[in-house]
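Novice: What the sequence shown shows, in the numbering used here, is residues 1392 to 1505, in sequence order.
For glycine and all other residues, C-beta sits at the position ideal for the given N, C-alpha and C.
Shown below is the structure under consideration.
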Amino acid sequence: MHPILDRDRFQNCEDLIDMLEECHKSPFLETAMGKCSDIKIQLSQCLHENRLANDREQILKRREKNKILEENKRKRLEEEWGENEYLKKVVELELKSKLQQQQQPQQQLSDSKN
1392 MHPILDRDRF
1402 QNCEDLIDML
1412 EECHKSPFLE
1422 TAMGKCSDIK
1432 IQLSQCLHEN
1442 RLANDREQIL
1452 KRREKNKILE
1462 ENKRKRLEEE
1472 WGENEYLKKV
1482 VELELKSKLQ
1492 QQQQPQQQLS
1502 DSKN
């Protein structure tokens, strides 16, 4: 059974929806014997293709959005740290040298105690 079919959302399948609704109005015995089965199969296929098309569209939108976000992030980092994050590398080198300078006196103290 299909969920409630929104005609705006499934415009491609509108004819099949109408045909299936019309078929379901026929006598019970005819519908029970499979009178509407072919239409239902066609509608299922149409809805499936429609869902896949919507999924593809959403994926493309997400990719475009992610591309814009990544570009904004790159620009922000470039504004903060300069081109190719030059300033970040300078800060990291200074931090590394300060840490080494702090470790040297500690090593000298431990060496003098031994």
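(1) By DSSP, does Phe1419 sit in helix, in strand, or in coil?
(2) Mapping the DSSP letters down to three states, classify Arg1400 as helix, strand or coil.
(3) Could you check the C-alpha separation between Met1392 and Glu1476 for me, to the nearest Å?
(4) Quick one: grab the DSSP three-state call for Met1424.
(5) I think Met1443 touches Cys1404, with their Cβ atoms under 8 Å apart; what is that distance to the nearest whole Å?
(6) Hey, is the stretch 1454 to 1464 in contact with the stretch 1426 to 1440, meaning 3+ C-beta pairs nearer than 8 Å?
(7) Using a Cβ-Cβ cut-off of 8 Å (strictly less than) and excluding sequence neighbours within five positions of Cys1414, which residues of its own chain qualify?
(8) Can you name, in chain order, every residue of its own chain whose Cβ lies under 8 Å from the Cβ of Leu1478, other than the five neighbours on each side?
(9) Please go through the same chain and pick out, in chain order, the residues whose beta-carbon is closer than 7 Å to the beta-carbon of Leu1407, but skip the five residues on each side of it.
(10) Would you tell me roughly how many angstroms separate the C-alpha atoms of Gln1494 and Lys1487, rounded to the nearest one?
Specialist: Taking the definition as stated:
(1) Phe1419: helix per DSSP, three-state reduction.
(2) DSSP places Arg1400 in coil when its eight states are reduced to three.
(3) Interpretation of Met1392 is limited by its pLDDT of 48, a score under 50 that renders its predicted location unreliable; the figure taken from the coordinates is listed afterwards. Rounded to whole angstroms, Met1392 and Glu1476 show a C-alpha spacing of 57 Å.
(4) coil
(5) Note that residue 1443 is Leu in the sequence shown, not Met. No, Leu1443 and Cys1404 are not in contact; Cβ-Cβ is about 13 Å, not under 8 Å.
(6) no
(7) Correct list, in chain order: Thr1422, Lys1426, Cys1427, Ile1430.
(8) Glu1471, Trp1472
(9) Answer for Leu1407: Ile1430, Gln1433, Leu1434, Cys1437, listed in chain order.
(10) 11 Å
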